[in-house]
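To start, the structure itself, in structure tokens.
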Ligand code: URA
């Protein structure tokens, strides 16, 4: 990775600050002064100091985003805007991807990461982490269908879900799996239609209420720890 990208990714300095500091001889790589920021370093092995302080590199990035409606939960798309397009540089060119999928019109918590292994564990059918959603329905659903006990979907019975209703048409549902359009298909089976869907938590991590739609922040150490525990 380029030295200036490394300093920007680690939130040490902007590219222009890094270029200035390099000219002034205030950056070292493995003990040698680096006067040029276009220089490539091995971020996993080299020791970089900036103004006398060692820069600690974090290999894996975990971000929570409050996904707006109309945005694809994909890394790239030829036509539509994706959740990665909502990140500023250099984060939008660092190979981040969404951990799991939300429909284009679903809003709320989506995690973005470059940690393929943990992401895979969190999404694996064996360890599928809990996901909590808030929903609104077009009309009351038929409770006698017992959708929380499982319905046939793609040739298999869905795993038990927990539904709590706040009114006849609004409630919350907890799932431990993520089949395509799962919640919409469950309520359709019970004679209703989902008109609004928002994910509130994933793997024990809750959507930060201070994030407006389209906003994001890094997970805290403790939130990352919670995700890891949920994948074990
Ligand atoms: N279930 C759905 O139907 N849509 C989503 O986006 C997530 C779960």
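Residue numbers (my numbering): 1229 to 1460. For glycine and all other residues, C-beta sits at the position ideal for the given N, C-alpha and C.
Let me have the residue list for ligand 1: C-beta closer than 6 Å to any non-hydrogen atom, ordered along the chain.
1330, 1331, 1334, 1409, 1410, 1411, 1412, 1425
Where residue 1309 falls: helix, strand or coil (DSSP)
coil
Neighbourhood of residue 1377 by C-beta distance below 8 Å, restricted to the same chain and skipping five residues each side
1388
Specify, as a first and last residue, the run of the alpha helix (DSSP H) that residue 1329 falls within.
Premise fails: residue 1329 is in no alpha helix (DSSP H) and is neither H nor E.
Just to confirm, is the Cβ distance from residue 1382 to residue 1407 under 8 Å?
yes
Whether residue 1361 touches residue 1291 by CB criterion (8 Å)
no
Supposed close pair residue 1416, residue 1386 - CB separation, criterion 8 Å:
Going by Cβ atoms, the distance from residue 1416 to residue 1386 rounds to 13 Å, so no, they are not a contact pair.
For the alpha helix (DSSP H) that residue 1244 lies in, which residues bound it at each end?
1243–1251
Alpha helix (DSSP H) segment containing residue 1454, residue limits
1449–1459
Residue from 1254, 1436, 1283, 1349 with nearest C-alpha to residue 1459
1349
Residue from 1265, 1317, 1318, 1324 with nearest C-alpha to residue 1463
Residue 1463 lies beyond the range of the chain shown here (1229 to 1460); nothing can be said about it.
Given a cut-off of 8 Å on the beta-carbon distance, is the pair residue 1431 and residue 1358 in contact?
yes
Quick check: the region 1368–1377 against the region 1325–1343, are at least 3 beta-carbon pairs closer than 8 Å?
no
Is it true that the region 1277–1297 meets the region 1433–1445, where meeting means three or more beta-carbon pairs spaced less than 8 Å apart?
yes
Quick check on residue 1430: does DSSP put it in helix, strand or coil?
strand
Given that a residue counts as buried once 16 or more other Cβ atoms are within 10 Å of its Cβ, and exposed if not, what is residue 1278?
buried
Using a 10 Å radius around the Cβ and a threshold of 16 neighbouring Cβ atoms, would you call residue 1233 buried or exposed?
buried
Does the distance from the CB of residue 1187 to the CB of residue 1426 come in under 8 Å?
What is shown of the chain runs 1229 to 1460, which leaves residue 1187 out entirely.
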